[in-house]
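Have a look at the structure below, then the notes.
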Amino acid sequence: MIATDAPGQSGPDPMDPFGFAAAATAWAEEFQRQSARLASLPQVLDKARSAPKGVTPYDVVHREEPVRLLRFRSDVEHRHGTPLLCVFALVNRPYVLDLLPHKSVVRRFLDAGFDVYMVDWGTPRPADHVKTLTDYVEGHLHRLVRKVLEVTGQPSLSLLGYCMGGTLSLMYASRHQELVRNLMLMAAPCDWSHREHMLGCWVAEDHFDVDAVVDTFGNVPAEFLGGSFGLLKPIASARKWMGFLDRIDDDAFLDDFWAMETWSNDNIPIAGETYRDFVKYGLQQNRLVKGTFPLDGRPVDLSAVTCPILQLVATADHLVPMEQSTPLSEHVSSRDVSTEAVKAGHIGLAVGSRAHRELWPKAVEWLADRSAD
Amino acid sequence: MSDPANPADAAARFMQDMWKAFTPGAAGSTGAGSGSAPPMPFMPTPEMVRSMQSTFLTAMEEAAERTMRTPQFLDAMRRGMEESLAMQQQLRAFLQQNVEQSMHAAGADTGAATVAALQRIERKLDRLEERLDAIERDRSPAAGTARGTGGKDETA
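Chains A and B supply the protein sequences, listed in that same order.
Counting from 1, one number per residue, gives the positions in the first sequence under our numbering.
Counting from 374, one number per residue, gives the positions in the second sequence under our numbering.
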């Protein structure tokens with residue numbers, strides 16, 4: 001500490017008026033700390049190599065390349081008849097919902113006695129670039145839902161949709177309400193009229209030619225998507241790595257950090273025509289809440305959704321601001337619509353400590369109350 | 374006079390914004406300007422440096438946030454993407470054309486080589502046949518004559 005910071009001292013130390021000695025001591029201590037951190041570098045690399053991609057064991061109960069339906073194993077007895085199907089976005093891997101034992105949304109529901117399934121969309125092959133949103137919602141998702149119902153012998157299930165997966169789940173519920181008992185939507189956009197955030201500015205029709213992108217690439221490359229998301233917060237990356245260097249001798253921090261880094265760099269391409277549909281009709285033309293979003297040759301009618309809905313939103317979400325999710329209640333016919341907000345970012349909603357402390361216990365309770373036989 | 378459409382002006386504005394946001398925070402983090410600050414010059418501690426780093430990054434974030442929303446930036450981004458996509462399309466067309474040409478060339482070469490090899494084999498077979506004929510003629514002059522005559526007849 002330099003003289004000026006010493007408590008109860010009104011002015012500089014007369015023996016060290018310019019603070020040289022105190023600062024030199026502080027730098028020597030800092031040097032020692034950094035040396036100790038550097039000594040832990042091999043361990044840091046080991047942890048990076050061994051970062052898990054999901055932690056809960058599962059069985060693949062259905063497969064239609066490249067899509068898989070996963071059923072998670074659990075020692076806890078199933079107490080709720082209605083199964084839960086998690087539907088993640090098409091742009092990243094779904095294991096962020098099961099990233100680490102203490103940050104696993106999947107485990108929270110398993111421990112509460114739910115039978116939990118998850119859609120793994122897989123990596124689209126080059127030939128999949130022709131797949132549209134209709135193929136995903138009315139094709140893959142519908143078949144997977146029927147498979148879950150066939151395996152469990154239940155008449156309906158609950159859907160937990162995250163981000164774009166939430167929007168797909170919402171569309172699905174509007175077409176097959178009889179098969180969806182409850183709908184939980186995590187940061188799921190439905191109303192893109194709110195354009196104040198950066199992504200909204202960037203994808204506006206004046207600035208972004210989605211047709212040119214899809215016509216050029218076919219499937220939209222993972223690097224393009226990952227790079228664009230990274231550019232939205234260019235300085236955050238520098239801040240993240242500076243924070244990392246300060247804590248590379250902290251085991252628990254490293255486990256969390258590398259699990260998160262592994263997931264965030266594990267991007268997948270998205271089928272070109274699906275991307276075109278979603279960006280053009282959703283982000284650019286905002287047709288979902290207008291009742292004109294085309295799916296399988298006719299518009300999606302959100303008023304056909306009547307089941308209980310729980311919206312989980314993050315107040316600091318820079319990808320899907322909560323203003324894009326919360327207007328949903330004005331467009332569906334459901335009478336049981338709740339919203340829970342937590343101070344977190346888009347991914348913090350799934351893996352943040354605060355979300356797991358404050359949000360998920362409530363979400364599990366909400367679903368348990370609505371899943372009785 | 375600044376020109377809003379000029380990218381250089383946009384960059385200059387970004388730097389100005391960032392500096393304006395940075396300097397008051399930086400002064401606060403070093404204690405400069407406060408009554409308890411040591412007389413200059415002083416030597417900053419690691420804590421001060423970290424605090425200044427953080428202030429600098431915050432200023433950068435704020436300036437980047439403002440800049441990335443400006444019409445100049447959005448326009449530059451659109452143009453950049455158009456050019457990048459056009460280049461990608463050209464590259465793809467060029468590669469496709471080259472691959473087609475290469476395949477065509479390889480096909481023609483392979484065909485010519487095969488035909489040449491077949492012709493060589495044919496010539497060798499012809500020569501072998503001639504030798505066999507000669508051997509047979511040497512062994513049996515009468516048969517050789519008859520065969521030779523017959524051969525000529527067959528050929529004719």
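For every residue, glycine included, the Cβ atom is placed at its ideal position computed from N, Cα and C.
Alpha carbon of residue i to alpha carbon of residue j, nearest angstrom
| i | j | result |
| --- | --- | --- |
| Val130/A | Gly218/A | 8 Å |
| Met450/B | Glu456/B | 10 Å |
| Asp511/B | Thr483/B | 42 Å |
| Gln463/B | Arg63/A | 38 Å |
| Gln32/A | Ser50/A | 28 Å |
| Leu199/A | Val214/A | 18 Å |
| Ala204/A | Leu283/A | 8 Å |
| Gly291/A | Arg276/A | 18 Å |
| Asp75/A | Ala112/A | 11 Å |
| Arg442/B | Asp206/A | 13 Å |
| Phe88/A | Gly161/A | 6 Å |
| Ser407/B | Val313/A | Legend: pLDDT at Ser407/B = 49, less than 50; position of this residue unreliable, value from coordinates given subsequently. Their Cα atoms are separated by approximately 42 Å. |
| Leu302/A | Phe293/A | 10 Å |
| Phe20/A | Pro417/B | 8 Å |
| Leu328/A | Ala28/A | 57 Å |
| Lys53/A | Leu349/A | 18 Å |
| Glu323/A | Asp46/A | 41 Å |
| Ser169/A | Asp120/A | 14 Å |
| Met242/A | Asn265/A | 18 Å |
| Met15/A | Ser424/B | 26 Å |
| Asp390/B | Glu438/B | 11 Å |
| Ala252/A | Val44/A | 11 Å |
Of the listed residues the options, nearest to residue i (C-alpha basis)
| i | options | result |
| --- | --- | --- |
| Ala222/A | Ala187/A, Leu41/A, Ser334/A, Val91/A | Val91/A |
| Asp59/A | Leu141/A, Val148/A, Arg143/A, Ala51/A | Val148/A |
| Val55/A | Leu45/A, Ala26/A, Trp263/A | Trp263/A |
| Thr428/B | Phe467/B, Thr440/B, Lys393/B, Ile494/B | Lys393/B |
| Ala36/A | Ala316/A, Asp250/A, Met242/A, Asp373/A | Asp250/A |
| Pro66/A | Leu141/A, His197/A, Ser303/A | Leu141/A |
| Arg175/A | Leu157/A, Pro327/A, Ala304/A | Ala304/A |
| Leu185/A | Glu178/A, Glu196/A, Arg195/A, Cys163/A | Cys163/A |
| Ile235/A | Leu430/B, Gln470/B, Pro417/B | Leu430/B |
| His197/A | Asp373/A, Glu261/A, Pro57/A, Leu319/A | Leu319/A |
| Leu245/A | Pro17/A, Ala24/A, Met15/A, Glu30/A | Glu30/A |
| Ala26/A | Pro419/B, Ala385/B, Gln389/B, Arg386/B | Pro419/B |
| Val422/B | Arg73/A, Ala39/A, Ala23/A | Ala23/A |
| His356/A | Val96/A, Arg79/A, Gln34/A, Ser104/A | Ser104/A |
| Leu447/B | Phe208/A, Leu295/A, Asp317/A, Leu38/A | Phe208/A |
| Asp128/A | Val145/A, Asp317/A, Thr274/A, Thr339/A | Thr274/A |
| Ser193/A | Gly81/A, Ala344/A, Gln43/A, Asn286/A | Asn286/A |
| Val279/A | Val44/A, Pro17/A, Ala48/A, Cys201/A | Cys201/A |
| Thr440/B | Glu502/B, Ala385/B, Asp499/B | Ala385/B |
Contact belief for residue i with residue j at Cβ below 8 Å, rounded distance in angstroms
| i | j | result |
| --- | --- | --- |
| Ala377/A | Ser325/A | Chain A is shown from 1 up to 373; residue 377/A falls before or after that span and cannot be answered. |
| Leu41/A | Asp255/A | Actually they do not touch by this definition, with Cβ atoms about 16 Å apart. |
| Pro83/A | Tyr136/A | Actually they are not in contact, since the Cβ atoms of Pro83/A and Tyr136/A sit about 20 Å apart, beyond 8 Å. |
| Phe387/B | Ala436/B | 5 Å |
Beta-carbon proximity check, residue i vs residue j, cutoff 8 Å
| i | j | result |
| --- | --- | --- |
| Phe109/A | Val342/A | no |
| Arg409/A | Gly122/A | Not covered by the structure: residue 409/A. The range shown for chain A is 1 to 373. |
| Val300/A | Met171/A | yes |
| Thr216/A | Leu458/B | yes |
| Ala271/A | Pro155/A | no |
| Gln177/A | Cys86/A | no |
| Trp366/A | Leu310/A | yes |
| Leu144/A | Leu159/A | no |
| Val151/A | Ile347/A | no |
| Leu133/A | Leu232/A | no |
| Arg73/A | Pro57/A | yes |
| Asp191/A | Val337/A | no |
| Gly345/A | Asp317/A | yes |
Cβ-based burial, residue i [other Cβ within 10 Å; buried from 16]
| i | result |
| --- | --- |
| Lys240/A | exposed |
| Arg93/A | buried |
| Pro126/A | exposed |
| Asn267/A | buried |
| Gly379/A | Nothing about residue 379/A can be reported from this structure: the residues present for chain A run from 1 to 373 only. |
| Ile508/B | exposed |
| Leu359/A | buried |
| Val321/A | Correcting the residue type first, residue 321/A is Pro in the shown sequence and not Val. Buried, by the Cβ-count rule. |
| Arg493/B | exposed |
| Arg181/A | buried |
| Thr167/A | buried |
| Asp115/A | buried |
| Met433/B | buried |
| Val488/B | exposed |
| Arg247/A | exposed |
| Ala485/B | exposed |
| Arg496/B | exposed |
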